Structures are given as structure tokens and as C-alpha cells.
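Chemist: Have a look at this one before I ask anything.
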Amino acid sequence: MNNLTQKEKQAVQELIDGLRKIYGSGLSRLILYGSKARGDADTESDIDILVVLKNMGPRYDEIHRITEISAPICLNYDVVLSALPLEEQRVTDSYKTIFIHNVLNEGVELI
């Protein structure tokens, strides 16, 4: 997380804590990806995080659950957190897709 400001690190840590609280052991991995992970972010860049879940409900429901946690954090720290939920099996099965390949190769494991 060396490419994040102190404020961004605090926001990400709050997100991690919130996700652990609602998903518990169902939270498999969190991966920072995109410009913040690569170190080529600018002042307008968001903080992209892949939320890997062992088992996932309907995508809309998971996005809603995550947004309930991330929205107040975004407002509190004046940052933009973009958290994308994916099921663990889908990440494994999709390794050869460009998106997943890039996330896994360029991303920074947060947990």
C-alpha cells in the first residue's frame, strides 16, 4: 500500500475492517489493483479493490452490502473506493482473462 496516501490507507483499513465484520471467514482475499497498485495514479484516481468471496450471493446483493460499508468511508475520507466482488472460484476459473490476469499480477494483496 506504499502508493496510497495516509488518508487513503486509513480509508482502506476501515473498508477491510467492515468487510471482515460482515463476511467473516467468507472473505477470501482483498486485492488493490489499478493505478494505485501500479503507482501511476493521479489526483483523480479511485482506489480499486477486488473483493474475493468464498461464496457469493447475487451480485447486486453483494454490491449493495459492500456499498453500505464503503459509501460512508468515501464521504468521511473524501476518497473514491471502487470495490468489485467476485467469487473465489470465478477468480480461479477466469485467471486467463485479461482483467483477472492483470489484477493477480499487478495487484497488491491487502488480505
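Residue 19 is where the sequence shown starts when you use my numbering, and the numbers rise one by one after that.
Just so you know, even glycine gets a beta-carbon here, dropped at the ideal spot from N, CA and C.
Quantities reported herein were computed from a predicted structural model and do not represent experimental measurements.
When the Cβ atoms of the stretch 34–43 are set against those of the stretch 112–126, are three or more pairs found closer than 8 Å?
Modeler: Put simply, the stretch 34–43 does not touch the stretch 112–126. Fewer than three CB pairs are less than 8 Å apart.
Chemist: Determine, using beta-carbon pairs with one atom in the stretch 77–97 and one in the stretch 107–118, whether at least three such pairs fall under 8 Å.
Modeler: no
Chemist: Mind checking which residues open and close the beta strand (DSSP E) that includes proline 103?
Modeler: 99–105
Chemist: If you draw a straight line from the alpha carbon of leucine 93 to that of serine 63, how long is it in whole angstroms?
Modeler: One C-alpha to the other measures close to 16 Å.
Chemist: Using 10 angstroms around the beta-carbon of glutamate 86, count the other beta-carbons present and answer buried if the total reaches 16, otherwise exposed.
Modeler: Of the residues assessed, glutamate 86 falls on the exposed side of the cut-off, its CB having fewer than 16 other CB atoms within 10 angstroms.
Chemist: Locate the alpha helix (DSSP H) running through serine 53, then write down its first and last residues.
Modeler: 53–56
Chemist: Between lysine 72 and serine 46, is the Cβ-Cβ spacing less than 8 Å?
Modeler: yes
Chemist: Glutamate 32 to glycine 75, Cα distance in whole Å?
Modeler: Taking C-alpha positions only, glutamate 32 is separated from glycine 75 by approximately 23 Å.
Chemist: If you follow the alpha helix (DSSP H) that leucine 33 is part of, which residue opens it and which one closes it?
Modeler: 24–41
Chemist: Shorter than 7 Å, the distance from the beta carbon of threonine 61 to the closest heavy atom of the ligand GTP, or not?
Modeler: Of the ligands one can find in the structure shown there are none, so the ligand GTP has no counterpart to examine.
Chemist: For isoleucine 67, tell me which candidate among Arg56, Ala59, Tyr51 has the shortest Cα-Cα distance.
Modeler: Tyr51
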